[in-house]
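Engineer:
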Amino acid sequence: MRQSTHTLTIETKTRGLIEITRDIVHWVAKENFRSGLLTVYCRHTSASLLIQENADPDVQTDLQNYFEEIAPEDPDRYVHGVEGPDDMPAHIRTALTQTSLSIPILEGKAVLGTWQGIYLFEHRTRPHRREIVLHAIGD
Amino acid sequence: MRQSTHTLTIETKTRGLIEITRDIVHWVAKENFRSGLLTVYCRHTSASLLIQENADPDVQTDLQNYFEEIAPEDPDRYVHGVEGPDDMPAHIRTALTQTSLSIPILEGKAVLGTWQGIYLFEHRTRPHRREIVLHAIGD
Amino acid sequence: MRQSTHTLTIETKTRGLIEITRDIVHWVAKENFRSGLLTVYCRHTSASLLIQENADPDVQTDLQNYFEEIAPEDPDRYVHGVEGPDDMPAHIRTALTQTSLSIPILEGKAVLGTWQGIYLFEHRTRPHRREIVLHAIGD
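Chains as they are written, first to last, in this note's numbering: chain F, 1 to 139; chain G, 1 to 139; chain X, 1 to 139.
1) Do A86(F) and E73(F) have their C-beta atoms within less than 8 Å of each other?
2) Taking 8 Å as the CB-CB limit, is Q52(F) close to chain G?
3) Quick check: the Cα distance between T61(F) and V79(G), rounded to an integer number of angstroms?
4) I'd like to confirm the pairing. Which residues does DSSP put opposite P104(F) in its beta bridges?
5) So, at 6 Å on beta carbons, what are the nonlocal neighbours of K13(X) in its own chain, with the 5 sequence-adjacent residues on each side left out?
6) Quick one: is N32(F) buried, meaning 16 or more other Cβ sit within 10 Å of its Cβ, or exposed?
7) Which two residues bound the contiguous alpha helix (DSSP H) that contains I24(F)?
8) Assuming the contact rule is C-beta atoms closer than 8 Å, I51(X) and L120(X) should be a hit. Round their C-beta distance to whole Å, please.
9) When the Cα atoms are used, what is the spatial distance from L8(X) to E53(X)?
10) Would V82(X) be called buried (16 or more neighbouring beta carbons within 10 Å of its own) or exposed?
11) Could you give the DSSP three-state label for H123(G): helix, strand or coil?
12) Rounded to the nearest angstrom, what separates A90(F) and V59(X) at their Cα positions?
13) Would you kindly work out how many angstroms separate the C-alpha atoms of G113(X) and Q98(G), rounded to a whole number?
14) Between the beta-carbon of S35(G) and the beta-carbon of D139(G), is there less than 8 Å?
15) For V133(F), which three-state DSSP category applies?
16) Quick one, are the C-beta atoms of I10(G) and I103(G) less than 8 Å apart?
17) Under a three-way DSSP split, which group does R2(F) fall into?
18) For R28(G) and chain F, any beta-carbon pair shorter than 8 Å?
19) Could you name the residues that DSSP lists as bridge partners for A110(F)?
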């Protein structure tokens, strides 16, 4: 039994879903785990993680629109405004999605389903530098 | 330290919460872990996982109604429609709940609270075959 | 490779976010893990976990208000009422946030970002005794 860690750095341009499946799958393959547990961790409170369909890009558009609708950018609704009008909705959208994901590894691969992609969900409007920590434990 | 993996296959009939606690508890007992970490992983993007009260079935009715209300089946709201009118709401309800759960194992049992049950939350209307991957690591 | 477990007991007074970062960080330091995986697990269905900004307390106020708004205490909306009018909204707010968190440990510390705090999110109005199980595995 052994473990391994890596930090992915993602430069985001604006709000939206950025697929990071390939980076993660490559790292698991390179680290040569046959079976184990993969953890994906986002070190931020205004960006989050999501496992979602990566076949039809319309799904990403609808997800983006949905979260903009249920946690709207509207300064009148929030007390917290010092970091800009997009910051509090970003915290709420993060709270409603994931900061960490746990995915078993089997036969050398994370057991993602056929249509599952791993996304970084950027909630801020301006560019940000995001750190995603990967951890694997197993054989 | 050792690890073990198993895939549960669940045939769903329609939308709703399906309790899978017993299947999971049995597997942990059979694998004979004294202490460790259990991961439950759903390989789908239109069904999800939830830990919720398993005492009063009304809780499940209210949860079902709530998610139907906040992510309604209404084609006019979504761009993605090719897989049927229930597919995009299914993706959103999945995004708002869980794809993976992590539960410590202590004294041979997952440390579920007294009222906690583990549910597969099916979001599609028609029957589906769902795969839930279980992983345990520990002693 | 080794593992360790601990139960934190938190006495809550009423609804709101209670920061438990310090208790968790202290436990990880005391257990002396250099690298590994930390799991935080909440044994309840009307209280949950959240990683959020711990700089400006206004963020906590806005999060509290937001969840009160999207899952309001309004008996007319819910079938489940036997445990009081605040119970069903508590279950929904739990479903929308987290029951478990997974955080890698690197160089002796959980890899929390600069602004990330770990919160117990109490959703019931009256005082409750909450159990949070911590589990670490690693070297």
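Glycine residues also receive a C-beta, built at the ideal position from the N, C-alpha and C atoms.
Nothing here was measured: the structure is a model prediction, and the numbers come from that model.
Structural biologist: Answer, in terms of the structure:
1) For the purposes of this step, residue 86(F) is identified with residue 86 of the first sequence, where counting begins at 1. For the purposes of this step, residue 73(F) is identified with residue 73 of the first sequence, where counting begins at 1. A small fix is needed here, since residue 86(F) is Asp in this sequence, not Ala. Cβ atoms of D86(F) and E73(F): closer than 8 Å.
2) Within the first sequence, the letter at position 52 stands for residue 52(F). True, the Cβ-Cβ gap to chain G drops below 8 Å.
3) Position 61 of the first sequence, counted from the start, is the residue given in the question as residue 61(F). Position 79 of the second sequence, counted from the start, is the residue given in the question as residue 79(G). Cα to Cα, the separation comes out at about 8 Å.
4) As a working mapping, residue 104(F) is identified with position 104 in the first sequence. The partner list for P104(F) (beta bridge, DSSP) reads L37(F).
5) Locating residue 13(X) in the third sequence gives position 13, counting from the first residue. If the five residues before and after K13(X) are omitted, its C-beta is found closer than 6 Å to the C-beta atoms of P127, all from its own chain and listed in chain order.
6) Taking the first residue of the first sequence as 1, we reach residue 32(F) at position 32. Burial call: exposed.
7) Taking the first residue of the first sequence as position 1, residue 24(F) is located at position 24. Annotation: the continuous alpha helix (DSSP H) that includes I24(F) extends over 21-31.
8) Reading the third sequence from its first residue, position 51 is the one you call residue 51(X). Reading the third sequence from its first residue, position 120 is the one you call residue 120(X). Not quite, the Cβ-Cβ distance comes to about 11 Å (not below 8 Å), so this is no contact.
9) Taking the third sequence and counting its residues from 1, the one referred to as residue 8(X) is at position 8. Taking the third sequence and counting its residues from 1, the one referred to as residue 53(X) is at position 53. In a straight line, the C-alpha of L8(X) is about 21 Å away from that of E53(X).
10) Mapped onto the third sequence, residue 82(X) falls at position 82. Its Cβ having fewer than 16 others within 10 Å, V82(X) is exposed.
11) Sequence index remark: in the second sequence, residue 123(G) carries index 123 (1-based). In the structure shown, H123(G) sits in coil (DSSP, three-state: anything other than H, G, I, E or B).
12) Sequence index remark: in the first sequence, residue 90(F) carries index 90 (1-based). Sequence index remark: in the third sequence, residue 59(X) carries index 59 (1-based). When rounded, the distance between both Cα atoms is 11 Å.
13) Taking the third sequence and counting its residues from 1, the one referred to as residue 113(X) is at position 113. Taking the second sequence and counting its residues from 1, the one referred to as residue 98(G) is at position 98. Approximately 22 Å between the Cα atoms of the pair.
14) As a first step, residue 35(G) must be located in the second sequence, where it is residue number 35. As a first step, residue 139(G) must be located in the second sequence, where it is residue number 139. A contact, by the Cβ cut-off of 8 Å.
15) The count along the first sequence starts at 1 and reaches residue 133(F) at position 133. Secondary structure of V133(F) (DSSP, three-state): strand.
16) Within the second sequence, numbered from 1, the residue matching residue 10(G) stands at position 10. Within the second sequence, numbered from 1, the residue matching residue 103(G) stands at position 103. No. Outside cutoff.
17) Along the first sequence, one-based indexing puts residue 2(F) at 2. For R2(F), the secondary structure class from DSSP, reduced to helix, strand or coil, is strand.
18) The residue you call residue 28(G) lines up with position 28 of the second sequence. Reading the sequence as shown, one finds Val at residue 28(G) and not Arg. Not closer than 8 Å to any Cβ of chain F, the Cβ of V28(G) fails to qualify, so no.
19) Translated into the one-based positions of the first sequence, residue 110(F) becomes position 110. I105(F).
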